[in-house]
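Chains as they are written, first to last, in my numbering: chain A, 909 to 1317; chain B, 909 to 1317. Structure record follows, encoded as structure tokens.
Written as structure tokens, this is what we have:
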């Protein structure tokens, strides 16, 4: 008899953003003429840059000829892209990686969700709270998160990041096996200093813990002294995997490309204490369950690293960061308590008068026809906050802010 | 302490095709001037058809404009493609599916590997033998396959398909929870009749088993009475998931697109006997661990269903099937015992004089500089066979056959 994996049944019924979409759709059905502005899901809006589009056309033309046609690519990605990654994302920061340590994928969500497959099912996990739901949900599905009580999973250690502690998570006092960190942070938009990040690397080395470091938003860092990669910290190669994405860097949410770094020095232990390199295990996993990323998407990603591509991508990021700047200023002027938005495309706002996250979400949707993301959807410490994204067009962001101003008066 | 998932350590060290590539590379290093012809990995060689390339250009242009830009698509795929699938792949065969039963993916390999996540870790599995290695390997990784002895996994039931039984697997006498079937078959190139397939559906319904049906090669079926989909059999919606791929249908091995059908009637049981619909669980899994397929790849797939696309794809399939026809005739003339190749792009050949699969692979590589796939790489019943693919160009196939003829003399 085919039995279901009952761990799935412990999950909240809907994925956060599917849930929001449902509520927004319900609103739209009732108010068909309302012009809803979404600052909810972190999706980009600006077109792909010309260098990327040109590369896509070129790749499509190649695929139309017998000589240029490409079938299965290497599961871990084409060397042309992996070399561009090494040369542009790591070497300038003094990080020397081997090409076999880069695994190109179809976006960071897949790998942040899948990497936990390499780890024993009963290892404990630690997360900063609030966090991106995929980290916990993917662990729930395999039974690693334990059971849920009052919105908390029994085998998950939550490290609160709130205004009260300046969004700096406290290093755990006891041992946690696997730790998820995301900086610049989704959803709070805050960053981590090298000093703080070093504490985490040292903690992991001391406790033989594994850090899964999500750097999907590193392209938004404006301050020179904020680390773009955990490998800027000595020793990180022995304890950390790093996830990168072109989704937010270059508007690839619909193109699908990113990459994961699994250093060769990185190991996990067997029960008898043998050290197993995770790089080879991940390679084996990818060869079995993944067939490489679209050739066109890989050529598109390569184009981001061309001189023209770099300049164009920088402009788009600047465009979004200008939104963030206006949003921060306006929301502050209106008396809201806001965080993030300086090195990240997210603004994290405390809901006024102690109202709950979902309550504020609904008020804002019905009162100003603006969509935000309820903070509690990212974890218990997100209650009493909402997230706004800076990914809209200037015009729409201004319109949303004008409505907010009118609504609060 | 981060502990490794020790199930990974039970896997054979390399994925079959990575292993072959290594051996071929070793040969090339020693014989740099040799012109090696690969009839090994099942990868297509003919360019994408014009309708597909045109759609890709159009999609790239859309993404370059503010109006046409598409960010995150629905995790389960765009409706334009899902509707084309319903209308073209199912309705003409009298199969009425709901759009929510179609999940577009980045190729069948991912989903055939991932779908087992929905099933309890200790359910038993049954496979026709030989089979595509992903089915077993993905179960090994989660511990479901048990332990391996003499090339056989303890929790896997092998259903031999050999010349002796006409490649018709026997229905198991005892209960198996999950059964993998692939027709037209990879690697043997054989097909299943409706009568035989009906037996499987009835077995599954009777035993509450789940069939994972891989239809990746259905576009190669030439005989009118061979089923293209398991849903041509009454009752299959209550017991089967079906995997489709554009990789072999339209040369998408480098473009990456396919789809999975998960009917709403399909359920699996909890330990207490509650029935859980797998459609919703798969939706939840995809929302959490997958972010949709490239928009460009989805538009490319849609173009296959246009009148021009259909005609062009049919021509390419005809081109490969002409190869298969020539290969079958030549190999038979040379006295080899060959199977498949009539409704599938694969030829399954018994190795002469009882030589082992790998032994023949090496002889052929060193003697004729032609690469085949050793049958034993697909399972114990594949020993004593090799697989040839018909995906080359006419010229290369003829050259390979001429070399084989010379070599056998």
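Quick reminder that beta carbons are idealized off the backbone N, C-alpha and C, glycines included. Please read all numbers here as calculations on a predicted model, not as lab measurements.
With a threshold of 16 other beta carbon atoms within 10 Å, residue 1017 of chain B meets it and is buried.
Contact annotation: residue 1270 of chain B and residue 1257 of chain B have beta-carbon atoms that are not nearer than 8 Å. If you draw a straight line from the Cα of residue 1061 of chain B to the Cα of residue 1055 of chain B, it comes to about 5 Å. Neighbours of residue 1081 of chain B in chain A, taken as residues at a C-beta separation under 9 Å, are lacking, since the least C-beta distance is about 16 Å.
Interface with chain A (8 Å Cβ-Cβ cutoff): residue 968 of chain B is included. When CB distances to chain B are screened at a threshold of 8 Å, the residues of the region 1187-1198 of chain A falling below it are 1189, 1192, 1193, 1195, 1196, 1197 and 1198, in chain order. Rounded to whole angstroms, residue 1071 of chain B and residue 1051 of chain B show a C-alpha spacing of 32 Å. Taking C-beta separations shorter than 6 Å and ignoring five residues to either side along the sequence, the partners of residue 1252 of chain A in its chain run 1092, 1097, 1125 and 1128, following chain order. For residue 909 of chain B, the secondary structure class from DSSP, reduced to helix, strand or coil, is coil. Between residue 1160 of chain B and residue 1104 of chain A, the alpha-carbon positions lie close to 46 Å from each other. By the rule that beta-carbons nearer than 8 Å mark a contact, residue 1215 of chain A does not touch chain B.
At a C-beta separation below 8 Å, residue 1179 of chain B has these neighbours in chain A: 911 and 914. Near chain B, meaning a CB-to-CB distance below 8 Å, the residues of the region 975-986 of chain A are 976, 977, 978, 979, 980 and 981.
The alpha carbon of residue 1178 of chain A has as its nearest neighbour, out of A:1027, A:1008, A:1019 and A:982, the alpha carbon of A:1027.
The three-state secondary structure of residue 1123 of chain B, taken from DSSP, is coil. Shown here for residue 954 of chain B: same chain residues with a beta carbon closer than 7 Å to its own, the five before and five after excluded, namely 1159, 1224 and 1227 in chain order.
In the three-state reduction of the DSSP assignment, residue 944 of chain B falls in the coil class, being assigned neither a helical nor a strand state. For residue 1303 of chain A, not one C-beta of chain B is nearer than 8 Å to its own C-beta. DSSP, read as helix, strand or coil, puts residue 957 of chain B in coil. For residue 1199 of chain A, no alpha helix (DSSP H) encloses it, and the DSSP letter there is neither H nor E.
In terms of Cα proximity to residue 1311 of chain B, the closest of B:960, B:949, B:1242 and B:1140 is B:1242. By DSSP's assignment, residue 1148 of chain A forms a beta bridge with A:1119. Put simply, of B:1162, B:1084, B:1250 and B:1067 the residue whose alpha carbon is nearest the alpha carbon of residue 978 of chain A is B:1162. Apart from sequence neighbours up to five positions away, the residues of its chain that approach residue 924 of chain A with a beta-carbon distance below 7 Å are 1041 and 1285, ordered along the chain. Only exposed fits residue 1007 of chain A, as fewer than 16 other CB atoms lie within 10 angstroms of its CB. When Cβ-Cβ separations below 8 Å define contact, residue 1271 of chain A makes no contact with chain B. According to DSSP, residue pairing for residue 1248 of chain A in a beta bridge involves A:1255. In terms of CA proximity to residue 1299 of chain A, A:1233 leads the group A:1233, A:1063 and A:1316. Around the CB of residue 1004 of chain B, fewer than 16 other CB atoms lie within 10 Å, so the residue is classed as exposed. A:1197 is the residue among A:1217, A:1293 and A:1197 whose C-alpha sits nearest the C-alpha of residue 983 of chain A. Contact between residue 1235 of chain B and residue 1174 of chain B does not hold, since the beta-carbon distance rounds to 38 Å and is not under 8 Å. Take the alpha-carbon of residue 985 of chain B and the one of residue 1259 of chain B: they are about 44 Å apart. Legend: CB atoms of the region 1269-1299 of chain A lying less than 8 Å from CB atoms of chain B are not found in any residue. Residue 1121 of chain B is positioned such that its CB atom lies no closer than 8 Å to that of residue 1288 of chain B. Residues of the region 924-935 of chain A that bring their beta carbon within less than 7 Å of a beta carbon in chain B comprise 926, in sequence order. Taking a Cβ-Cβ threshold of 8 Å, the residues of chain A close to residue 1046 of chain B are 1196 and 1197, in chain order.
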